[in-house]
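Residue numbers (my numbering), protein chains in the order written: chain V, 1 to 482; chain P, 1 to 440. These notes are about the structure you will find just below.
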Amino acid sequence: MLSVKSKKKLSRLKEKLIQITGRENIDETMSGRLVYSYDATPNYQALPDFVVSPRNADEVAAVLKLCNETSTPIIARGSGTNLCADTCPVKGGVVLLFKNMNKILEFDKENLAITVQPGVVTKTISEMVEKEGLFYPPDPSSMKISTIGGNISENSGGLRGLKYGVTRDYVMALQVALPNGKLIRTGGKLTKDVAGYDLTRLFIGSEGTLGVITEATLKLIPKPESQKTILALYQDIEAAGRSVSAIISHKMIPVTLEFLDQETLKAVEDFAHIGLPTDVKAILLIKQDGPREIVERDIRKIAEICRSEQAVDVQVAASEEEAEKLTTARRTALSALARLKPTTILEDATVPRSEIATMVRAIADIAEKYHVRISTFGHAGDGNLHPTCLTDARNADEMHRVEEAFAEIFEKAIELGGTITGEHGVGMTKAPYLEWKLGEAGIEVMRGIKKAIDPNGIMNPGKVFTEKTKERMAVGNDDNIG
Amino acid sequence: MMTTSVKKKIQKEFKEKMDYDELLNCMRCGFCLPSCPTYIETGHQEKYSPRGRIALMKGITDGVIEPDDDIAHSLDLCLGCRACEPVCPSGVKYGRLLEDARSIIQKNKKESVPVKLLRKGIFEELFPHQNRMEKATSLLGFYQRSGLSRVARKIGFMDLFPESMATMEKVLPEVPKRKEVRQRPRYFEHEGEKKATAALFAGCLMDTMFFSTNNATIKLLQKAGCDVVIPENQLCCGALHGHSGELERARQMAKQNIEAFEASDADYIITNAGGCGAFLIEYDHILKDEPEWAERAKRFVSKLKDISAILVDLDFHKTHRLKLPEQTVTYQDSCHLRNVMQTFEEPRILLKSIEGVKYEELEGADTCCGSAGVYNIVESDMAMQILDHKMEKVEQTKAKTIVTANPGCLLEMKLGIERVKKTGKVRAVHIADLLLDALD
């Protein structure tokens with residue numbers, strides 16, 4: 001129960017919020033708050049006090065200023081698809097929605113740039129620019145649902161990361177609201193710009209802990225003229241891993257190079273019914289794009305490499321439509337796995353791609369060691385794997401073993417020169433492990449930055465930083481801390 | 001307003017009766033959001049999305065929140081179109097969760113006298129009695145004749161009816177004479193080579209208001225090589241009851257229907273209404289806790305097919321020449337036929353095989369038209385908003401003929417045509433009627 005004092009405080013806060021955004025843009029009903037108490041991360045839920053939908057950047061800045069003055073936590077939320085509990089309001093406060101800020105502001109074909117408000121759904125952007133022969137490559141699996149503001153805040157990756165990079169590589173400029181109530185603009189429609197610190201990159205992937213993105217200008221590139229997709233089938237998961245390294249070391253950079261193990265394949269096929277091979281131990285889904293003759297040449301060569309690495313079969317997608325079905329099916333992997341057990345916990349430990357085979361083997365061994373069920377899929381080409389644990393949150397003993405298994409996976413990833421998270425973010429789920437990757441001095445720098453911009457700690461509190469770093473295991477080697 | 005004691009009762013029943021594994025099966029990925037018409041139409045409000053509604057149900061079950069009118073409204077505003085189910089990679093049975101939740105809330109909700117009377121009139125006195133359905137030449141007619149309307153009018157209840165209801169009256173089809181219905185034989189012989197025996201699920205509305213569509217369906221089945229029987233003692237499928245929280249009544253109706261069709265011993269049970277089909281196919285689920293019925297329900301369900309599906313299976317379109325005067329035709333999916341019966345390619349195959357037809361796919365054909373059972377009456381504003389957006393897409397196809405596969409959708413499309421003042425220029429027809437027309 002709230003004390004009388006905080007009740008008073010809340011009602012004062014509400015009055016002031018109403019002055020900024022209008023009554024119709026504030027929801028404090030139980031149902032309204034409950035549906036913003038979670039995101040796609042299992043086992044995290046907390047109610048916000050208010051759900052506020054500002055209508056423009058000035059209103060966002062005003063809300064931030066108000067929250068700063070009243071020490072109210074503020075959590076910016078897109079569509080709530082993130083996987084590290086970043087949009088779960090663990091400390092209550094205000095959840096900001098962008099349903100009133102979802103316009104495309106400018107499509108600049110001369111500078112190959114598009115300027116959008118944060119609430120635009122990512123797929124809307126790709127579809128719009130592709131109609132004009134342009135291309136916005138970042139394609140997180142949730143692109144049909146997630147907003148661009150969320151993608152930028154999480155620095156989302158996707159299936160095309162190997163060749164085209166991630167969200168970070170396509171953000172040219174930002175407008176950001178700060179806790180002090182000011183709006184700043186960073187970057188510009190420029191290829192070259194060295195005027196001071198790169199603040200654009202600072203805010204990208206900052207998980208809502210520094211400011212709120214109110215506008216973004218994205219870089220576009222010409223749309224590749226053709227593409228081709230193949231499936232390579234394996235009876236040995238390490239052979240699939242070795243193929244990945246071999247493809248890259250042959251100087252082939254396919255646009256997509258995805259790995260799916262048997263259990264993932266079965267779950268996806270069970271949902272999508274598109275005839276995926278479920279009798280093999282693993283597959284690689286490989287796509288190349290570009291000028292037709294180069295695509296043909298690359299795909300031929302990649303198929304050869306796969307065969308020489310013991311692929312039992314290599315199948316070429318008959319049509320663009322079939323290829324699209326395969327990619328779409330791959331995007332559902334995590335949620336499809338969720339049909340197998342009540343709780344699915346997914347991580348995205350990432351290693352240099354030369355270490356993929358080692359990592360795939362290590363994950364299998366760790367799963368066996370802790371008696372937990374782990375399925376693995378992921379963006380093998382860029383070393384970003386998604387080991388997914390199928391479990392039941394109601395089984396405390398098993399949950400403990402799951403936690404230990406993931407700790408060991410993180411440890412292994414760091415040992416191989418990798419990281420604890422490739423694209424999903426730190427949020428709450430990986431906060432206890434962040435110091436493993438950054439070291440104490442690294443965390444100190446980040447805390448300093450946080451303090452300079454958000455001295456009162458109102459921006460998405462409880463995320464990224466933690467009071468309690470998880471103790472490292474005996475197998476850890478401190479020399480590897482970057 | 002819900003009283004505290006009602007809230008407590010609802011909460012208790014949620015804890016006891018909601019399928020918790022199914023609630024947990026939703027991993028909140030949000031893949032359902034873009035498929036949900038009310039999420040889209042409300043400007044992306046999570047409260048009106050499948051993920052949000054499941055979270056609310058789970059919130060009540062977990063005791064995180066108390067049930068209230070707001071939550072009831074979130075559930076009420078759901079069309080029940082179930083477009084979220086085929087796109088859910090985890091395979092969450094949203095429709096079942098919704099029905100269970102609605103049923104609990106409905107049972108405990110204190111309703112005003114007119115609403116109670118209306119519900120009683122529809123769910124107990126009208127639909128479960130096919131003879132009364134026949135008597136009532138239309139829904140409105142029933143109110144006029146039963147005396148309910150007098151009560152309703154006296155207390156000002158009719159004023160509560162939305163404008164759509166008045167327009168709806170205009171588009172209701174001509175109702176056949178009762179004698180005509182009664183004199184129809186119960187058995188029809190196949191034409192050409194015999195391929196199967198089909199038992200027609202006649203449906204309550206289909207066999208009154210859409211009697212001629214049922215006759216067209218029978219004719220098509222005969223031409224496709226089926227002996228057709230219309231089992232006696234069959235009733236309304238119970239969908240309206242099930243979707244509106246009257247599950248117990250629906251179970252009784254299911255049992256009677258199963259019994260009626262067992263006697264016919266047909267190879268197939270054929271429906272021509274997506275809405276009925278989708279409820280009939282759930283008979284094994286709603287009767288799963290009654291051992292003496294579960295097996296029988298399973299057998300019933302295994303024989304069920306929509307008219308389009310059986311026609312394609314029996315190669316009707318390859319063995320018969322179908323021809324119509326040149327026209328552009330589009331197809332609006334019946335949500336339940338598509339999302340629950342998983343029949344969506346077959347109607348398109350049939351339409352494309354008609355000579356003279358230029359088939360134009362309707363953008364968003366797979367999203368609800370707003371009819372959704374009695375939704376267009378009880379949630380009229382949202383229904384009309386959805387319908388108007390639908391008609392904009394229809395306009396883009398330049399189609400003169402809109403084909404549907406369910407009576408509710410058919411009436412809704414007719415209502416849409418009336419609303420955009422295209423009556424006489426654009427028509428809406430049931431696929432069975434169009435196919436028969438193309439055959440002659």
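All C-beta atoms, glycine included, are put in the ideal place defined by N, C-alpha and C. A quick note: this is a predicted structure, and the numbers were derived from the prediction, not measured.
Test: residue i CB closer than 8 Å to a CB of chain P
i	result
S71/V	no
K14/V	no
Y234/V	no
R339/V	yes
D313/V	no
V35/V	yes
S31/V	yes
Y38/V	yes
S153/V	no
Spatial distance of residue i from residue j (CA atoms)
i	j	result
G93/V	G364/P	38 Å
F50/V	I26/V	7 Å
G290/V	E225/V	6 Å
M382/P	T214/V	31 Å
I409/P	C369/P	The identity of residue 409/P in the sequence shown is Cys, whereas the question assumes Ile. Whole-angstrom Cα-Cα distance: 7 Å.
L436/P	C84/V	57 Å
V95/V	G78/V	10 Å
L162/V	D289/P	52 Å
Q342/P	S243/V	39 Å
T167/V	A202/P	56 Å
T213/P	K223/P	15 Å
W293/P	D267/P	20 Å
T3/P	E13/P	16 Å
G457/V	G32/V	25 Å
A101/P	F344/P	29 Å
G241/V	G425/V	24 Å
8 Å Cβ cutoff, residue i in contact with chain V
i	result
K47/P	yes
I105/P	no
P89/P	yes
V340/P	no
R96/P	no
R348/P	no
Residue nearest to residue i in terms of C-alpha spacing, selected from the options
i	options	result
A232/V	L218/V, R361/V, L260/V, A441/V	L260/V
S375/V	T147/V, K450/V, V268/V	V268/V
L66/V	Q45/V, G181/V, E467/V	G181/V
M143/V	G158/V, Q19/V, R201/V, C84/V	G158/V
G225/P	K390/P, R102/P, T42/P, H190/P	H190/P
G211/V	R201/V, L220/V, H273/V	R201/V
G418/V	P461/V, S354/V, K228/V	S354/V
T401/P	Y331/P, Y375/P, L205/P	Y331/P
T367/P	V426/P, P86/P, S74/P	P86/P
K430/V	E444/V, E403/V, G448/V	E403/V
E262/P	I349/P, S302/P, H285/P, H243/P	S302/P
L411/P	I281/P, L205/P, G242/P	L205/P
D62/P	I10/P, T38/P, Q45/P	I10/P
G52/P	T70/V, L64/V, M30/V	M30/V
S206/V	H250/V, P254/V, I152/V	I152/V
Neighbourhood of residue i by C-beta distance below 6 Å, restricted to the same chain and skipping five residues each side
i	result
A239/V	E309, Q310
Neighbouring residues, chain A, relative to residue i (Cβ below 8 Å)
i	result
T358/V	Any reference to chain A falls outside this structure, whose protein chains are V and P.
Own chain residues within Cβ distance below 7 Å of residue i, not counting five before or after
i	result
P173/P	M209, F210
D313/V	L233
Residues near residue i in its chain [Cβ-Cβ closer than 8 Å; skip 5 each side]
i	result
Y187/P	D227, V228, V229, I230
N215/P	R184
What runs of the beta strand (DSSP E), each 3 residues or longer, lie entirely inside the region 365 to 389 of chain V?
Whole beta strand (DSSP E) segments, 3+ residues: 373 to 379.
Can you list the alpha helix (DSSP H) stretches of 4 or more residues lying completely in the region 246 to 283 of chain V, in chain order?
List check, alpha helix (DSSP H) in window: 262 to 272.
Entirely enclosed beta strand (DSSP E) segments - the region 30 to 88 of chain V, minimum 3 residues
Here the runs fully enclosed are 50 to 52, 74 to 76.
Which ranges would you report for the beta strand (DSSP E) in the region 166 to 190 of chain V if only whole runs of at least 3 residues count?
171 to 177, 183 to 187, all fully within the region 166 to 190 of chain V.
Tell me the start and end of each unbroken alpha helix (DSSP H) in the region 213 to 245 of chain P that is at least 4 residues and wholly inside, in chain order.
Counting only runs of 4 or more, we get 239 to 243.
Contained alpha helix (DSSP H) runs [length at least 4] in the region 29 to 91 of chain P, N- to C-terminal order:
If only complete runs of 4 or more residues are kept, the region 29 to 91 of chain P shows the alpha helix (DSSP H) at 37 to 41, 50 to 62, 69 to 76, in order along the chain.
Which runs of the beta strand (DSSP E) fall wholly inside the region 329 to 414 of chain P and span at least 3 residues, in chain order?
Look at the region 329 to 414 of chain P and you find these whole runs of beta strand (DSSP E), each 3 residues long or longer: 355 to 359, 401 to 404.
Whole runs of the beta strand (DSSP E) within the region 314 to 351 of chain V, excluding any shorter than 3 residues
Unbroken beta strand (DSSP E) stretches of 3 residues or longer found wholly inside the region 314 to 351 of chain V: 343 to 346, given in chain order.
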